[in-house]
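**Q** Questions regarding the structure given below will be posed in turn.
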Amino acid sequence: MGFGSQELLIILAIVIILFGAKKIPDLAKGLGKGIKDFKKAVKEDEDDTKEVSTPSEKIEASETKTESEKTQQSTKA
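Numbered by the working numbering, the letters in the sequence shown go through residues 2 to 78 in order.
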């Protein structure tokens, strides 16, 4: 069971009527930003849970994290 071209055009017309042509790009932009933020959070969580085996690697990992936090804070300010 699939949608034909006529059904898709009808659905598109209904979406445009409900949301308006100006609002649709904003909705798509917000959805894309949400997906990007979600992927970033998942990646950061994986990095945080990754075990570091040697003490020197722990120091390097904490320094890298601190530098990235400083960069993020300076870009926000």
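Just so it is clear, CB atoms sit at the ideal spot from N, CA and C, and this is done for glycine as well.
(1) Does DSSP put F39 in a helix, a strand or coil?
(2) Please list, in chain order, all residues of the same chain as L28 whose beta carbon is under 7 Å from its beta carbon, the five residues on each side excluded.
(3) Look at the alpha carbon of Q7 and the alpha carbon of I18, and state the distance between them as a whole number of angstroms.
(4) Please go through the same chain and pick out, in chain order, the residues whose beta-carbon is closer than 8 Å to the beta-carbon of G5, but skip the five residues on each side of it.
(5) State the DSSP-derived secondary structure class of A14, mapped to helix, strand or coil.
**A** With the given structure in hand:
(1) In the structure shown, F39 sits in a helix (DSSP, three-state: H, G or I).
(2) Short of 7 Å from the beta carbon of L28, and not among the five residues preceding or following it, lie these beta carbons of its own chain, in chain order: F20.
(3) About 17 Å.
(4) Nothing listed; no residue qualifies.
(5) In the three-state reduction of the DSSP assignment, A14 falls in the helix class.
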